[in-house]
Amino acid sequence: MLGNISPADFMRDYWQRKPLLIRQAIPGFKPSLSIADIKDLVKREEVESRLIWHDDEGWHMKTGPFNRLPGARKPDWTILAQNVDAHDDNMAALMHQFRFISDARLDDVMISIATEGGGVGPHFDSYDVFLLQAAGQRRWRISTQEDLSLVPGLPLKILANFQAEQEFVLEPGDMLYLPPHVAHDGVAQGDCMTISIGFRAPTTGALARGLLDAAGDQIMARLGDDSGLYANPPLPGPVLADAYKDRGAVATTHPAQLPDGLIDAALAAVQRVAFTPELAERFLGQWLTEPSRAAWFEPGDHSLDLADGVPSQGRFVLDRCTRMMYRGTSLFINGEVAPLQAEDWLKRLADERGLTASEVNRAQPADKALDMLTAWLDDGWLQYLPD
Ligand code: SIN
Ligand code: CO
46 MLGNISPADF MRDYWQRKPL LIRQAIPGFK PSLSIADIKD LVKREEVESR
96 LIWHDDEGWH MKTGPFNRLP GARKPDWTIL AQNVDAHDDN MAALMHQFRF
146 ISDARLDDVM ISIATEGGGV GPHFDSYDVF LLQAAGQRRW RISTQEDLSL
196 VPGLPLKILA NFQAEQEFVL EPGDMLYLPP HVAHDGVAQG DCMTISIGFR
246 APTTGALARG LLDAAGDQIM ARLGDDSGLY ANPPLPGPVL ADAYKDRGAV
296 ATTHPAQLPD GLIDAALAAV QRVAFTPELA ERFLGQWLTE PSRAAWFEPG
346 DHSLDLADGV PSQGRFVLDR CTRMMYRGTS LFINGEVAPL QAEDWLKRLA
396 DERGLTASEV NRAQPADKAL DMLTAWLDDG WLQYLPD
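Residues in the sequence shown are numbered consecutively from 46, following the working numbering.
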């Protein structure tokens, strides 16, 4: 998919560094959804979409759902549907072809359709993106310019001074990789469909905040919080339930003044919170496997209880909306810490997003693991395909 470049070379030379145009990344590419399918998709309440058009008055944007769209012969409009991988198995499979990059970074598939002249205008994104041309032609102009100032007062981000440095017309199957902050402008040449495989990257602020929240949870657990929310499995960490002591404090004539001793005690207390890799792992594992806003799990039919025996045929596959990650012996799925250890076969399930029934049988899973898999089947997180 990267032409004659290996994933290893791509990651070393291009990822987060410079744009790359790959002609016929997917030769003879035919998208699983047509322009008409996207027009149907954006009618649905649960699909996030935006209509963008430009005219003499400038740029305009409306958010979906859309029961009616501008006429197919009217130029200069585009409609973008977000999180399409959550709604379509084939689009999820397309996104998963990019799993030479960690699941922690993969975000979603966005699809745009446009008429002649349609596009979202010259802009930059804060995240990496692969732009795969799916139908028709699009003329991309790109620039590594430093001036990223925006036109003020618009409903969308439009660069005030876009100076194109390179220009290419993409045909179906061609793909353009752009690192964050590379300015770009894609204009449809006739009816056009573009698939964006987008990535996510937490900000430093979000990472710090998340880790602090996890530390807060750890403290609550240590204080004997019995809500059960934080206790499964129990968090490692210091005992913090001992109360502040001020034996030897002298009589005060300023009772409203904050005691220095409490300031010192608060600072000393926080020093005892352990910011360990395990804590970061717990926070990141839960956070990064949180299903996307668009995720929907169809509950299973409850006909299969693996405790009664794992079928000898068929295979188990993760639902397209399931997010599953692991580190060391910890296993995370759809925002939860799985209540058992990440044995090799479960790591394989996460990496491959599926296992054959015979692989599961060979692993000789404990009853607890079979109960867990059964619960995932019931919740629609995992599916059994008899073949
Ligand atoms: C598009 O598909 O028109 C927009 C993609 C982008 O520029 O980020
Ligand atoms: Co963009």
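Backbone N, C-alpha and C fix where the C-beta goes; we use that ideal spot for every residue, glycine too. All values reported here derive from a predicted model rather than from experimental measurement.
Is residue i helix, strand or coil when you go by DSSP?
i: Glu388; result: coil
i: Thr419; result: helix
i: Thr108; result: strand
i: Ala131; result: helix
i: His168; result: strand
i: Asp270; result: Reliability of the predicted coordinates at Asp270 is poor, the pLDDT of 47 falling under 50, and no value is obtained from them.
i: Ala126; result: strand
i: Arg184; result: strand
i: Asp82; result: helix
i: Arg245; result: coil
i: Ala137; result: helix
i: Ala314; result: helix
i: Gly235; result: strand
i: Leu204; result: strand
i: Asp152; result: strand
i: Gln331; result: helix
i: Ile50; result: coil
i: Ala294; result: coil
i: Leu114; result: coil
i: Phe55; result: helix
i: Lys75; result: coil
i: Gln263; result: helix
i: Gly354; result: coil
Let me know if residue i comes out buried or exposed under the rule of 16 or more other beta-carbons within 10 Å of its beta-carbon.
i: His229; result: buried
i: Ile187; result: buried
i: Val154; result: buried
i: His99; result: buried
i: Val315; result: exposed
i: Ser94; result: buried
i: Val6; result: Here the chain has residues from 46 to 432 only, and residue 6 is not among them.
i: Val129; result: buried
i: Arg292; result: exposed
i: Asn49; result: exposed
i: Gln409; result: exposed
i: Ala383; result: buried
i: Phe361; result: buried
i: Phe320; result: exposed
i: Leu307; result: exposed
Which partner residues does residue i have in the DSSP bridge list?
i: Asp100; result: Gly103
i: Met369; result: Ile378
i: Gln69; result: For Gln69, which the question treats as bridged, DSSP gives no partner whatsoever.
i: Met220; result: Ile67 and Leu177
i: Arg360; result: Thr401 and Leu430
i: Ala319; result: Note: Ala319 sits in no beta bridge, so no partner.
i: Arg142; result: The sequence shown places Gln at residue 142, rather than the Arg named in the question. BP columns for Gln142 are empty, so no partner.
i: Ser157; result: Leu125 and Thr239
i: Ser94; result: Ala126
i: Val214; result: Arg184
i: Ala228; result: Ser188
i: Leu195; result: Leu204
Just checking: is the beta-carbon of residue i within a distance shorter than 8 Å of some beta-carbon in chain D?
i: Ala395; result: No chain D appears in the structure shown, which is made up of a single protein chain.
Requested in this report: Pair every Cβ in the segment 147-161 with every Cβ in the segment 118-130, then say whether three or more of these pairs are closer than 8 Å.
Outcome: yes
Query raised in the report: Are the segment 169-181 and the segment 213-227 touching, with three or more C-beta to C-beta distances below 8 Å?
Result: yes
Query raised in the report: Can we say the segment 353-372 touches the segment 384-400, given the rule of at least three CB pairs closer than 8 Å?
Result: yes
Query raised in the report: With a cut-off of 8 Å, do at least 3 Cβ pairs link the segment 322-334 to the segment 248-263?
Result: yes
Query raised in the report: Can at least three beta-carbon pairs, one atom from the segment 126-143 and one from the segment 76-92, be found at a separation below 8 Å?
Result: yes
Requested in this report: Would you check if there are 3 or more beta carbon pairs closer than 8 Å linking the segment 338-345 to the segment 413-431?
Outcome: yes
Query raised in the report: Would you call the segment 65-74 and the segment 230-237 in contact, with 3 or more CB pairs under 8 Å?
Result: no
Requested in this report: Report yes or no: do the segment 164-176 and the segment 192-203 share at least 3 C-beta pairs separated by less than 8 Å?
Outcome: yes
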